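Engineer:
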Amino acid sequence: MKIAVLSTIRSLYSTRRLVEAAQLRGHECVVIDHSQCYVGIRQGKPSIHYKGQDISGIDAIIPRIGASVTFYGSAIVRQFEVMGVISANPSQSITRSRDKLRCMQILSGAGIGMPTTGFARRTRDVDDLIKMVGGPPLVIKLLEGTQGIGVVLAETRKAASSVIEAFYGLGNNILIQEYIKESRGTDIRAFVVDGKVVGAMKRTAKEGEFRSNLHRGGTAEIIKLNKAERETAIRAARELGLTVCGVDLLPSDRGPLVLEVNSSPGLEGIEKATHKDIAGEVIAFLEKQYILKQQTKKERKAKAGPKL
Numbered sequence: 001m002k003i004a005v006l007s008t009i010r011s012l013y014s015t016r017r018l019v020e021a022a023q024l025r026g027h028e029c030v031v032i033d034h035s036q037c038y039v040g041i042r043q044g045k046p047s048i049h050y051k052g053q054d055i056s057g058i059d060a061i062i063p064r065i066g067a068s069v070t071f072y073g074s075a076i077v078r079q080f081e082v083m084g085v086i087s088a089n090p091s092q093s094i095t096r097s098r099d100k101l102r103c104m105q106i107l108s109g110a111g112i113g114m115p116t117t118g119f120a121r122r123t124r125d126v127d128d129l130i131k132m133v134g135g136p137p138l139v140i141k142l143l144e145g146t147q148g149i150g151v152v153l154a155e156t157r158k159a160a161s162s163v164i165e166a167f168y169g170l171g172n173n174i175l176i177q178e179y180i181k182e183s184r185g186t187d188i189r190a191f192v193v194d195g196k197v198v199g200a201m202k203r204t205a206k207e208g209e210f211r212s213n214l215h216r217g218g219t220a221e222i223i224k225l226n227k228a229e230r231e232t233a234i235r236a237a238r239e240l241g242l243t244v245c246g247v248d249l250l251p252s253d254r255g256p257l258v259l260e261v262n263s264s265p266g267l268e269g270i271e272k273a274t275h276k277d278i279a280g281e282v283i284a285f286l287e288k289q290y291i292l293k294q295q296t297k298k299e300r301k302a303k304a305g306p307k308l
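Sequential numbering from 1 applies to the sequence shown in UniProt numbering.
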């Protein structure tokens, strides 16, 4: 196959590992900056151009779409899909998971465990919103935040009201979530590929920090998931339509709770903690999809019969 990793920074660990894994399995692999792609939409002839050249001959893509370019990046992925190119994740599922509110609404409707979450837009609703999630301490999150950026722990009602009103005053959309104190600054990242958990790690926040993100100084170690954690991660990925994702879980007294689902999960932390070839698992999934696509083509051709 010819595989394209859609990434704005080719030097990132995740990008380099995906290219390496693809090449080790005998595939041609290129890195394309999706932010520099542009599309042509014509009847029966959709196209994508990159640096003045028409992109053709790509069999599969691995989207590594950053939060700052979700709309544009998803549009590029969608154009590849229109052209019949296999994608590690569907464009619709990427946008669905990136919107934290929409993600939580979908998981809630599916009956998947999660921290109680509130969303509002007016400052006069703040008191009831705080009450809705069980009162302080509580977590306040920017809808567009990633890697722990834009996440605040408010210890008191006064602090919560001040932070929420400040965010509203700046025109930001935010979520309010209950604080799961029994998690004690730890969470679990389950890496799901094609409906299976292929690796999992426990992340622990550094001293004095409640966010366990590795980018915030947290540490990671391999962990064996229990049945409930494994099933919750797989269900969350399935409900969002993601075939490659990282599912973040919080341990709680009422079972595992989904904190977030990441459609472009980093590989460095999970591979170093588990010593597993996670990048290879992603390439193996694309190989499976490519074989299925070729089989489907042959079956359709056989059904159509010979041309007269």
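Ideal placement from N, C-alpha and C gives every residue a C-beta, glycine not left out. Note that the coordinates shown come from a computational prediction; the quantities given were computed from them, not determined experimentally.
Quick check on this structure: which residue in ARG235, ARG203, GLU229 has the alpha carbon closest to the alpha carbon of ALA220?
Structural biologist: ARG203
Engineer: Please classify SER93 as buried or exposed, where buried requires at least 16 neighbouring CB atoms within 10 angstroms.
Structural biologist: Label assigned to SER93: buried.
Engineer: Output needed for PHE119: all residues of its chain with C-beta closer than 7 Å, excluding positions within five of it in sequence on either side, in chain order.
Structural biologist: LEU101, LEU175
Engineer: For the alpha helix (DSSP H) that contains GLY169, what are its first and last residues?
Structural biologist: 157 to 169
Engineer: Considering PHE191, what are the terminal residues of the beta strand (DSSP E) in which it resides?
Structural biologist: 186 to 193
Engineer: Between the Cα of LYS276 and those of ALA237, ILE3, SER11, ARG17, spot the shortest distance and give me the residue it belongs to.
Structural biologist: ARG17
Engineer: Secondary structure at GLY118, three-state DSSP: helix, strand or coil?
Structural biologist: Strand at GLY118.
Engineer: Please report how far the alpha carbon of LEU240 lies from the alpha carbon of LEU257, in whole angstroms.
Structural biologist: 16 Å
Engineer: Please classify ASP248: is it buried, with 16 or more other beta-carbons within 10 angstroms of its beta-carbon, or exposed?
Structural biologist: buried
Engineer: LEU2 bridges to which residues according to DSSP?
Structural biologist: For clarity, residue 2 is Lys in the given sequence; the question names Leu instead. Looking at the DSSP assignment, LYS2 forms a beta bridge with GLU28.
Engineer: Just verifying my parser: in three-state terms, what is the DSSP assignment at LYS276?
Structural biologist: coil
Engineer: DSSP three-state label for ALA220, please.
Structural biologist: strand
Engineer: Please list the terminal residues of the continuous beta strand (DSSP E) segment that includes ILE176.
Structural biologist: Element bounds for ILE176: 174 to 178.
Engineer: Sorted by chain position, which residues of the same chain lie with C-beta nearer than 6 Å to GLY246's C-beta, five sequence neighbours on each side aside?
Structural biologist: Cβ contact annotation for GLY246 (same chain, cutoff 6 Å, sequence separation greater than five): ARG189, PHE191, ASN262, PRO265, in chain order.
Engineer: So, using beta-carbon positions, are THR243 and ILE112 closer together than 8 Å?
Structural biologist: no
Engineer: Ends of the beta strand (DSSP E) at VAL139?
Structural biologist: 138 to 142
Engineer: For the pair the stretch 13 to 28 and the stretch 38 to 45, tell me if three or more CB-CB distances fall below 8 Å.
Structural biologist: no
Engineer: Pick helix, strand or coil for GLN289, following the three-state DSSP scheme.
Structural biologist: DSSP places GLN289 in helix when its eight states are reduced to three.
Engineer: Look at the Cβ atom of VAL85, then the Cβ atom of SER35, and state whether they are nearer than 8 Å.
Structural biologist: no
Engineer: Do PHE285 and ASP194 have their beta-carbon atoms positioned less than 8 Å apart in this structure?
Structural biologist: yes
Engineer: Can you say whether THR296 is buried or exposed, counting buried as having 16 or more other CB atoms within 10 angstroms of its CB?
Structural biologist: exposed
Engineer: Grab me the residues of GLU281's own chain with a C-beta within less than 7 Å of its C-beta, minus the 5 sequence neighbours each way, in chain order.
Structural biologist: Excluding positions up to five away in sequence, the list reads VAL193, VAL198.
Engineer: What does a CB cutoff of less than 6 Å around LYS288 pick up in its chain, not counting 5 residues either side in sequence?
Structural biologist: So the list is empty, once near-sequence residues are dropped.
Engineer: Taking 8 Å as the threshold (C-beta atoms), are THR95 and MET201 in contact?
Structural biologist: no
Engineer: Take the Cβ of ALA4 as the centre, count every other Cβ of all protein chains shown within 10 Å, and call the residue buried at 16 or more, exposed below.
Structural biologist: By the neighbour-count criterion, in which 16 or more other beta carbons inside 10 Å mark a residue as buried, ALA4 falls on the buried side.
Engineer: Hey, ARG157 and GLY135: beta-carbon distance below 8 Å or not?
Structural biologist: yes
Engineer: Just verifying my parser: in three-state terms, what is the DSSP assignment at LYS297?
Structural biologist: helix
Engineer: Once the 5 residues before and after ARG25 are set aside, which same chain residues still bring their CB inside 6 Å of it?
Structural biologist: Cβ within range, chain order: ILE283.
Engineer: Less than 6 Å between C-beta atoms, sequence neighbours within five positions excluded: which residues of the same chain meet that for ALA60?
Structural biologist: MET1, ILE3, ILE86, LEU286
Engineer: Assign ASP187 to one of two classes, buried (16 or more other C-beta atoms within 10 Å of its C-beta) or exposed (fewer than that).
Structural biologist: buried
Engineer: In angstroms, rounded to a whole number, what distance separates the CA positions of ILE55 and ILE32?
Structural biologist: 10 Å
Engineer: For ASP248, which three-state DSSP category applies?
Structural biologist: In this structure, DSSP gives ASP248 an extended state, which the three-state scheme calls strand.
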